[in-house]
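Peer 1:
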Amino acid sequence: MKKIIVIGAGPGGLAASLLLQARGFDVTLIEKDEHVGGRSKRVSLGEFHFDLGPTFLMYIDVLKQVFERSGYDLEKEINLIKLDPLYKLIFKDHTLELSADLKKNIAMYESMKPGLGQAYQSWLNDQTYKMTKIKSILEKPFPNVFHLFRPDVLKAAPVSHPFKSVYSLLKTYDRDDHFIHSLSFQAKYLGMASYQAPSIFTILPYLEHVTGLYHVEGGLNQINEVMAKLFKEKGGNLLTNTQVTKVLVEKHRVQCVELENGEKILSDVVVMNADFAYAMTQLFNQKDLRKYKKEKTEKKKYSISTWMMYLGINRKLDLPHHEIIFSDDYNQYLKDLMNGKLTKDLSIYVHNPSVIDETLAPQGKSSIYILLPVPNLKHGYDWDEESPNLKEFVYNRIKEKHGFDIKSMIEVEKIYTPSDWMKNEHVYQGAVFNLSHGLDQMLFLRPHNQFEDVKGIYLVGGGTHPGSGLPTIYQSALIADDLISKLT
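Residues 10 to 497 in this note's numbering are what the sequence shown spells out, letter by letter.
Structure (structure tokens):
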């Protein structure tokens, strides 16, 4: 029986561990923290509970496939709550509420401007067709340039518009800014602006609208907890509070991992769920790498970061589950953000899961999660110095849009900055969305699922194909499982 070590119990590592365990491999999952989840774990402030990172769960078919392949039924293991409305979008002069009911969305857009409902319908129709063509591209690895000439890739090319951005493609349906921004803000899930992100990523809002958004009772972190429980129940070896300090290689093949205490664990295969750039710069002897030596990895393009607030509020707040307060000049904000400038006109994402989930806060109170997209650490900001100003900006902006003083309602508070992402979660440069998703870092140009520098290493997570975001991270685990299964 082949021995497999999985480094990192984030969503990708947990999914890979379950899948490989179901195939009969001897799997050891190693996690540096006390709890599983990585940047998707739970944060608790007394009786107030939060997701540390991701809060949007969509396209659950991929997660269902992970559970089914592993011998489980997702909906029997996890309490999924489908959201409707999806989210509220607050612009300077207009507020939109997007629904899981597509007919309501058509009517809403049409009420904004005659013909906009039809533009939305045309966009939906085109995305439906696009999804049928690109689905296999997301599900298969790209080990070399020749895979660009696979039949499925060639068929997808005309509908993928590879040289258009999300923004420029949406403009072909209608040039209304609210329409475009409502279907393009999702590019920030990739740590990019809509005018940068390749147009293939218009499937992100499509999947939200058509397949739905979900909440998990207890937070999305509970998916990690359930996977860890199932893994251990079947005899899986989960080592928490255990840090891998080196991946040791001999003749270009992985041999073992070395732990912080000096112990070495032999392995036939290593599945790497650690942050990709962190792993390349910290976990390998540089002589063992070729394409991704430290100096080359540092020259790659990385996503933006996030500045976070986790607030325990002393009452129930009349806020939707998901809400985005857009900056007044959103186009300029995106340009500043992508140029590494911390502008004073920021967009704010507010997550209020307590509106539907009573398990996250004491009765009559709320757990509020606030996220500001900000530059990563490459741009040199002192986040201890910036945080007081950002807090006041958030308080004032919420008061301006909602009429209440959230600052006076806070019982407990935690701030998480780009520096914290790097220090605590080992996220390179605090770039929480990993390597950027331009065409020059996608498909065969992204680090390969079967890692090209060292034999016996497979990558899962946002740093490999298909990219960042929970569904694609779960898909990377499915791809790794397919590849490793051929070793038996």
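Using N, Cα and C, we set each Cβ at its ideal position, and we do this for glycine too.
Using the C-alpha atoms, what's the distance from Lys400 back to Thr141?
Peer 2: Cα-Cα distance, rounded: 44 Å.
Peer 1: Where does Leu72 fall in DSSP's three states?
Peer 2: Three-state result, Leu72: helix.
Peer 1: Can you list, in chain order, the stretches of the beta strand (DSSP E) that have 3 or more residues and sit fully within the region 406-441?
Peer 2: You should have 419-425.
Peer 1: Bridge partners of Phe293, per DSSP?
Peer 2: In DSSP, Phe293 forms a bridge with Val256.
Peer 1: From the DSSP secondary-structure annotation, give me the bridge partner or partners of His224.
Peer 2: For His224, which the question treats as bridged, DSSP gives the partners Ile90.
Peer 1: Between which two residues does the beta strand (DSSP E) harbouring Thr37 extend?
Peer 2: Here the beta strand (DSSP E) through Thr37 covers Asp35 to Ile39.
Peer 1: Nearest-angstrom Cα distance between Val517 and Met236?
Peer 2: Since the first residue of the chain shown is 10 and the last is 497, residue 517 is not available in this structure.
Peer 1: Taking the alpha helix (DSSP H) that Gln264 belongs to, which residues open and close that run?
Peer 2: No alpha helix (DSSP H) holds Gln264; the beta strand (DSSP E) holding it covers Arg262 to Leu268.
Peer 1: Can the beta-carbon of Gly19 be found closer than 7 Å to that of Gly55?
Peer 2: Cβ distance not < 7 Å, so Gly19 and Gly55 don't count as in contact.
Peer 1: Work out the CA separation of Glu148 and Ile488 for me, nearest whole Å.
Peer 2: Each residue's Cα considered, the two are about 7 Å apart.
Peer 1: Spell out the partners DSSP gives Asp60 in its beta bridges.
Peer 2: DSSP lists Arg51 as partners of Asp60.
Peer 1: Which residues share a DSSP beta bridge with His457?
Peer 2: Bridge partners of His457: none, in fact.
Peer 1: With a threshold of 7 Å on Cβ separation, who are the neighbours of Ser494 within its own chain once the five nearest residues in sequence on each side are excluded?
Peer 2: Taken in chain order, the residues that qualify are Arg32.
Peer 1: Are there 16 or more other CB atoms within 10 angstroms of the CB of Tyr138, so buried, or fewer, so exposed?
Peer 2: Label assigned to Tyr138: exposed.
Peer 1: Out of Phe285, Ile39, Ile379 and Asp183, point me to the one whose CA is closest to Leu328's CA.
Peer 2: Ranking the options by Cα distance to Leu328, first place goes to Ile379.
Peer 1: Taking only runs of the beta strand (DSSP E) that begin and end inside the region 298-378, which ones reach a length of at least 3 residues, in chain order?
Peer 2: Counting only runs of 3 or more, we get 314-322, 331-334 and 357-360.
Peer 1: In the DSSP assignment, the beta strand (DSSP E) including Thr481 goes from what residue to what residue?
Peer 2: Element bounds for Thr481: not the beta strand (DSSP E) but the alpha helix (DSSP H), Leu479 to Ser494.
Peer 1: Where does Glu106 sit, in a helix, a strand or coil, going by DSSP?
Peer 2: DSSP places Glu106 in strand when its eight states are reduced to three.
Peer 1: Let me know if Asn361 comes out buried or exposed under the rule of 16 or more other beta-carbons within 10 Å of its beta-carbon.
Peer 2: Under this definition Asn361 is a buried residue.
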